[in-house]
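Reviewing the structure listed below.
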Amino acid sequence: MKTYAETLYDAYGQQFSVDKVYFENKTDHQHLIIFENAKFGRVMALDGIIQTTEADEFIYHEMLTHVPLMAHGNVKRVLIIGGGDGGMLREVCKHASVEHITQVEIDDQVVEMCKEFLPRHSAGAYDDPRVNIVIDDGANFVRECEDRFDVIISDSTDPIGPGDVLFTSDFYENCKKCLAEGGVLVTQNGVAYMQLDEVTTTAKRQQRYFADQSFYCAAVPTYIGGVMTFAWATDNLALRQLDKETIAQRFAAANIKTRYYNPAIHVASFALPQYILDALAG
Amino acid sequence: MNRISVETTDKAKFYQQMVRQHGSPLLILDCDQLVKQYNALTEALPGVELFYAIKALPHPAAIQTLDALGAGFDIATSGEIELLREQHASARHTIHTHPIKRDKDIRDALRFGCTTFVVDNVYELEKFVDFRHRVGLLVRVSFPNPNTPIDLSRKFGCREDEVSILIQKAQSLGLHVKGLSFHAGSQSPDSRNHVHAIERCTEIINQVYQNSGKLLSILDIGGGFPVEYTQSIMDISSFCEPINAVIKKLPDHIQVIAEPGRFLCAPAMTAVSKVMGKAKRGDACWYYLDDGVYGSYSGQLFDHALYPLTIFSDIKEIEQAVIAGPTCDSIDVIAEQINIPPLAIGDIVVGHQMGAYTSASSTHFNLFDKAKIVAINQPAVMAENVLRFEQK
Numbered sequence: 442m443k444t445y446a447e448t449l450y451d452a453y454g455q456q457f458s459v460d461k462v463y464f465e466n467k468t469d470h471q472h473l474i475i476f477e478n479a480k481f482g483r484v485m486a487l488d489g490i491i492q493t494t495e496a497d498e499f500i501y502h503e504m505l506t507h508v509p510l511m512a513h514g515n516v517k518r519v520l521i522i523g524g525g526d527g528g529m530l531r532e533v534c535k536h537a538s539v540e541h542i543t544q545v546e547i548d549d550q551v552v553e554m555c556k557e558f559l560p561r562h563s564a565g566a567y568d569d570p571r572v573n574i575v576i577d578d579g580a581n582f583v584r585e586c587e588d589r590f591d592v593i594i595s596d597s598t599d600p601i602g603p604g605d606v607l608f609t610s611d612f613y614e615n616c617k618k619c620l621a622e623g624g625v626l627v628t629q630n631g632v633a634y635m636q637l638d639e640v641t642t643t644a645k646r647q648q649r650y651f652a653d654q655s656f657y658c659a660a661v662p663t664y665i666g667g668v669m670t671f672a673w674a675t676d677n678l679a680l681r682q683l684d685k686e687t688i689a690q691r692f693a694a695a696n697i698k699t700r701y702y703n704p705a706i707h708v709a710s711f712a713l714p715q716y717i718l719d720a721l722a723g
Numbered sequence: 027m028n029r030i031s032v033e034t035t036d037k038a039k040f041y042q043q044m045v046r047q048h049g050s051p052l053l054i055l056d057c058d059q060l061v062k063q064y065n066a067l068t069e070a071l072p073g074v075e076l077f078y079a080i081k082a083l084p085h086p087a088a089i090q091t092l093d094a095l096g097a098g099f100d101i102a103t104s105g106e107i108e109l110l111r112e113q114h115a116s117a118r119h120t121i122h123t124h125p126i127k128r129d130k131d132i133r134d135a136l137r138f139g140c141t142t143f144v145v146d147n148v149y150e151l152e153k154f155v156d157f158r159h160r161v162g163l164l165v166r167v168s169f170p171n172p173n174t175p176i177d178l179s180r181k182f183g184c185r186e187d188e189v190s191i192l193i194q195k196a197q198s199l200g201l202h203v204k205g206l207s208f209h210a211g212s213q214s215p216d217s218r219n220h221v222h223a224i225e226r227c228t229e230i231i232n233q234v235y236q237n238s239g240k241l242l243s244i245l246d247i248g249g250g251f252p253v254e255y256t257q258s259i260m261d262i263s264s265f266c267e268p269i270n271a272v273i274k275k276l277p278d279h280i281q282v283i284a285e286p287g288r289f290l291c292a293p294a295m296t297a298v299s300k301v302m303g304k305a306k307r308g309d310a311c312w313y314y315l316d317d318g319v320y321g322s323y324s325g326q327l328f329d330h331a332l333y334p335l336t337i338f339s340d341i342k343e344i345e346q347a348v349i350a351g352p353t354c355d356s357i358d359v360i361a362e363q364i365n366i367p368p369l370a371i372g373d374i375v376v377g378h379q380m381g382a383y384t385s386a387s388s389t390h391f392n393l394f395d396k397a398k399i400v401a402i403n404q405p406a407v408m409a410e411n412v413l414r415f416e417q418k
């Protein structure tokens, strides 16, 4: 029986049975694979780390999309950095109020490959007329961008590889510049129990540019080791404090169908475990 | 001095045929021999996990052959990682053993999936702080060996008394040290230094546990297992017997691993060169081969090895001779003050035991092409060769 073992940590890891390999690329100094697993459907892994699976991607994509969009309440323009699999785009496109979406992906082949081998992620979202796809380095894009967005979503890879530029102070500063007044930046920030440093480092870097910086959480089964954190950065202090009723009204008005996100989860996800609060307190 | 044997010309047929087919100079890699060496070492060191030091012969056929046998790999650079990636070798069975690394080297290894690294000083420990939740470290200890041609404890390795300091420092940085490693010296004539090093490491492991409760679980005994060049050497089971005896005294939970390079690949490769010119200079006849110490015979300079040579002749008379390489440099001499039957231009000279640190350290000096490596007796490539997974 073939198996795929994640190599994220030396002392701990998850393993998948591989029923069929759809795609594998070991060139360009990286290893990308998409395979079928009985429990999680199609699984994509890059450089030994699970990136996304068909079965549990909804948790990740819904939380990075609907939490900032519902909290903001009047989002017209969204910028997605990364997210080549199209899952984030699919969730953003569910919001009828959104007028424009720019997605910046570093490699157009990733988009094409995901359309072919992970079609359920984008589910046709790339054909939405509101979508503008830019092939560029995300860090470079925000540095030179003159446009303004209400929400920026950073859907990056692991900070060890080429995704490391999306975890720098410069990147956060440039994102701030690209946000309209009261806009929100949310970023994928790893599994805090396993990599607590990522939380404290991101907090330190984002606090320099935003009046309100914190995290919210969701457990994504294949991002192993506990809850995944998403960084939250905005100058509008009120957005993180909205009550369940306000969110519920907006959610009902948006008329969006979700599988993980709901108004109660929205409010609760900002509650952080004590070990994260202690780490943030230094 | 190189050992030189003279065979009758009918024994040269195989080599002549290979040269006709593939050209000269040539290196013939016999994968069967790799398998034999791997099996011999596995038998001689029961329970010890082997990680092939691919620096000795970084060739795809060697990687494929050893991977199929279940060997792990000892890597030291991003280039070696690329070779393993191309051969679909399992990253879970690799250890990164270079004690001095750049940030990019660490990232490249982590991206490949290697999470075990070797350190021997505080500066190196600090490089891992950003990756501390992902890695397991081995501390390399120095055990100098005056009896080996290549003492691998001079350039790298901390002193015994520094181990506990490094482990404490690692713990304060949030880093996990999971074991110790050492190199008893390459091409050791006997295993006394291995035995000494294992005994000392056993004591260090026990002391660390007693003093701090820190559990070390891996002992990497390096390489150094000898092969025959100019002198006959101990057979591998006799060499390993005393090592096994001291391994038995280690705490039960310790996994012993080793990093053989030379022992696995040296006997697996044979060099075939042609005489491209000859000249009578003084009393000696000089023969210029199309391969020399800037090429496959580079190990005679860098690795302190003198390879056994075979020439083929049916003539009884012998004369004083020098066998030299093709480059313009006068250091490029393979063997001198030897007495052999006269050779003709176009004759073949064969070098044995030439798998380890030969082509690996050869150069393009004078822009001579490097010898081509041809692999023979390669295990059948798996039908589904596109993919190799973690099947071990």
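Going line by line, the protein sequences match chains A and B.
In this text, residue positions in the first sequence follow my numbering: the first is 442, and each later residue adds one.
In this text, residue positions in the second sequence follow my numbering: the first is 27, and each later residue adds one.
All residues carry an ideal CB built from backbone N, CA and C; glycine is no exception.
Please report the distance separating the alpha-carbon of residue 119/B from that of residue 96/B.
Position 93 of the second sequence, counting from 1, holds the residue named residue 119/B. Position 70 of the second sequence, counting from 1, holds the residue named residue 96/B. Between residue 119/B and residue 96/B, the C-alpha separation is close to 9 Å.
Would you check if the distance between the CB atom of residue 333/B and the CB atom of residue 81/B is smaller than 9 Å?
Against the second sequence, residue 333/B aligns to sequence position 307. Against the second sequence, residue 81/B aligns to sequence position 55. No, the Cβ-Cβ distance between residue 333/B and residue 81/B is not below 9 Å.
Could one say the Cβ of residue 100/B lies closer than 9 Å to chain A's Cβ atoms, at least one of them?
On the second sequence, residue 100/B is found 74 positions in, with the first residue counted as 1. Chain A, which has no Cβ nearer than 9 Å to the Cβ of residue 100/B, makes this no.
Are the C-beta atoms of residue 411/B and some chain A residue less than 9 Å apart?
Start at 1 with the first residue of the second sequence, and residue 411/B comes out as number 385. Unreliable positioning characterises residue 411/B in this predicted model, as indicated by a pLDDT of 39, which lies under 50. The coordinate reading is nonetheless provided below. Taking Cβ atoms only, chain A never reaches closer than 9 Å to residue 411/B, which makes this a no.
For chain A, is any of its Cβ atoms less than 9 Å away from the one on residue 103/B?
Here residue 103/B refers to the residue found at position 77 of the second sequence. No, because no Cβ of chain A sits closer than 9 Å to the Cβ of residue 103/B.
I'd like the list of long-range same chain contacts for residue 416/B, defined as Cβ closer than 6 Å, with 5 residues on each side in sequence excluded.
Taking the second sequence and counting its residues from 1, one reaches residue 416/B at position 390. Residue placement at residue 416/B is poorly supported in this model, since its pLDDT is 37, which falls under 50; the coordinates still yield a value, given next. So the list reads 116 and 118, once near-sequence residues are dropped.
Could you please give the first and the last residue of the uninterrupted alpha helix (DSSP H) stretch that includes residue 363/B?
Position 337 of the second sequence, counted from the first residue, corresponds to residue 363/B. Residue 363/B -> not in any alpha helix (DSSP H); beta strand (DSSP E) instead, spanning 359-366.
Got a sec, what are the start and stop residues for the alpha helix (DSSP H) residue 658/A sits in?
For the purposes of this step, residue 658/A is identified with residue 217 of the first sequence, where counting begins at 1. Where residue 658/A is concerned, there is no enclosing alpha helix (DSSP H), although the beta strand (DSSP E) it sits in stretches over 653-659.
If we count the other Cβ atoms within 10 Å of its Cβ and call it buried at 16 or more, is residue 299/B buried or exposed?
Counted from its first residue, the second sequence places residue 299/B at position 273. Burial call: buried.
Name the chain B residues whose beta carbon is nearer than 7 Å to that of residue 448/A?
Here residue 448/A refers to the residue found at position 7 of the first sequence. Near residue 448/A (Cβ distances below 7 Å), the residues of chain B are 117, 118, 139 and 141.
Using three-state DSSP, classify residue 122/B as helix, strand or coil.
In the second sequence, counting from the first residue as 1, residue 122/B sits at position 96. Residue 122/B: strand per DSSP, three-state reduction.
With 9 Å as the threshold, decide whether the Cβ of residue 93/B is near any Cβ in chain A.
Here residue 93/B corresponds to residue number 67 of the second sequence, with the count starting at 1. With 9 Å as the cut-off, residue 93/B does not count as an interface residue toward chain A.
Cβ closer than 7 Å: which chain A residues qualify as neighbours of residue 112/B?
Translated into the one-based positions of the second sequence, residue 112/B becomes position 86. 467, listed in chain order.
From the DSSP output, in three-state form, read off residue 418/B for me.
The sequence position of residue 418/B within the second sequence is 392, counting from 1. Low local confidence applies: a pLDDT of 32 at residue 418/B is under 50, so the model's placement there is unreliable, and no value is given.
Taking a cut of 7 Å between CB atoms, which residues from the segment 591-604 of chain A lie near chain B?
Listed by position along the chain: 601 and 602.
Do we get a CB-CB distance below 9 Å when we pair residue 720/A with the residues of chain B?
Residue mapping note: residue 720/A aligns to position 279 of the first sequence, counting from 1. Not an interface residue.
Which same chain residues end up closer than 6 Å to residue 373/B when comparing Cβ atoms and leaving out the 5 residues on each side of it in sequence?
On the second sequence, position 347 is the one that residue 373/B refers to. So the qualifying residues of the chain are 301.
Would residue 284/B be called buried (16 or more neighbouring beta carbons within 10 Å of its own) or exposed?
Residue 284/B sits at position 258 when you count from the first residue of the second sequence. Buried, since its Cβ has 16 or more Cβ neighbours within 10 Å.
With DSSP as the reference, please indicate the residues paired to residue 32/B in a beta bridge.
Residue numbering aside, residue 32/B sits at position 6 when the second sequence is read from its first letter. Note: residue 32/B sits in a beta bridge opposite 337/B.
Out of 185/B, 273/B, 204/B and 202/B, state which residue places its alpha-carbon closest to the alpha-carbon of residue 70/B.
The sequence position of residue 70/B within the second sequence is 44, counting from 1. The option with the nearest alpha carbon to residue 70/B is 273/B.
Just to confirm my understanding: we take residue 303/B, look at its own chain, exclude 5 residues before and 5 after, and list those with CB closer than 7 Å. What are they?
Position 277 of the second sequence holds residue 303/B. Excluding residues within five positions, the ones whose Cβ falls inside 7 Å are 314 and 371.
Could you give the DSSP three-state label for residue 332/B: helix, strand or coil?
As a working mapping, residue 332/B is identified with position 306 in the second sequence. Note: residue 332/B maps to coil in three-state DSSP.
Name the DSSP beta bridge partners of residue 590/A, please?
Counting from 1 along the first sequence, the entry for residue 590/A is found at position 149. According to DSSP, residue 590/A bridges with 620/A.
Give the straight-line distance between the Cα atoms of residue 46/B and residue 254/B, rounded to the nearest whole angstrom.
Numbered from its first residue, the second sequence carries residue 46/B at position 20. Numbered from its first residue, the second sequence carries residue 254/B at position 228. Those two C-alpha atoms are separated by around 29 Å.
Is residue 513/A buried or exposed, if buried means 16 or more other CB atoms sit within 10 Å of its CB?
Looking up residue 513/A in the first sequence gives position 72. That one is buried.
Can you list, in chain order, the stretches of the beta strand (DSSP E) that have 3 or more residues and sit fully within the segment 480-554 of chain A?
Correct list: 482-487, 490-494, 518-523 and 541-546.
Kindly provide the ranges of any beta strand (DSSP E) runs that are 3 or more residues long and lie completely inside the segment 29-112 of chain B, ordered along the chain.
For the segment 29-112 of chain B, whole beta strand (DSSP E) runs of length 3 or above, ordered along the chain, are 30-33, 52-56, 75-79 and 98-101.
How about residue 136/B and residue 601/A: do their beta carbons lie closer than 9 Å?
Numbered from 1 along the second sequence, position 110 holds the residue referred to as residue 136/B. Numbered from 1 along the first sequence, position 160 holds the residue referred to as residue 601/A. Yes, they are a contact pair.
In chain B, which residues lie with their C-beta within 9 Å of the C-beta of residue 565/A?
Counted from its first residue, the first sequence places residue 565/A at position 124. Those within 9 Å of residue 565/A in chain B number zero; the least Cβ separation is about 31 Å.
Check this for me: beta carbons of residue 280/B and residue 205/B, under 9 Å apart or not?
As a first step, residue 280/B must be located in the second sequence, where it is residue number 254. As a first step, residue 205/B must be located in the second sequence, where it is residue number 179. Contact flag set, yes.
For residue 156/B, would you say it is in contact with chain A, using Cβ-to-Cβ distances shorter than 9 Å as the test?
Locating residue 156/B in the second sequence gives position 130, where the first residue counts as 1. Residue 156/B counts as touching chain A.
Who are the Cβ neighbours of residue 705/A in its own chain at under 8 Å, not counting the five residues just before and after it?
By 1-based counting over the first sequence, the position of residue 705/A is 264. The residues are 685.
To the nearest angstrom, how far is it from the Cα of residue 444/A to the Cα of residue 493/A?
As a first step, residue 444/A must be located in the first sequence, where it is residue number 3. As a first step, residue 493/A must be located in the first sequence, where it is residue number 52. Between residue 444/A and residue 493/A, the C-alpha separation is close to 17 Å.
Quick one: which chain B residues come within Cβ less than 8 Å of residue 471/A?
Position 30 of the first sequence, counted from the first residue, corresponds to residue 471/A. The contacting residues are 137.
Considering residue 477/A, what are the terminal residues of the beta strand (DSSP E) in which it resides?
Start at 1 with the first residue of the first sequence, and residue 477/A comes out as number 36. Looking at the DSSP string, the run of the beta strand (DSSP E) that includes residue 477/A is 473-478.
Kindly list the residues whose CB is nearer than 6 Å to the CB of residue 61/B, restricted to its own chain and excluding five residues on each side of it in sequence; keep chain order.
As a working note, residue 61/B is residue 35 in the second sequence. Closer than 6 Å at the Cβ level, and outside the excluded window around residue 61/B, lies no residue.
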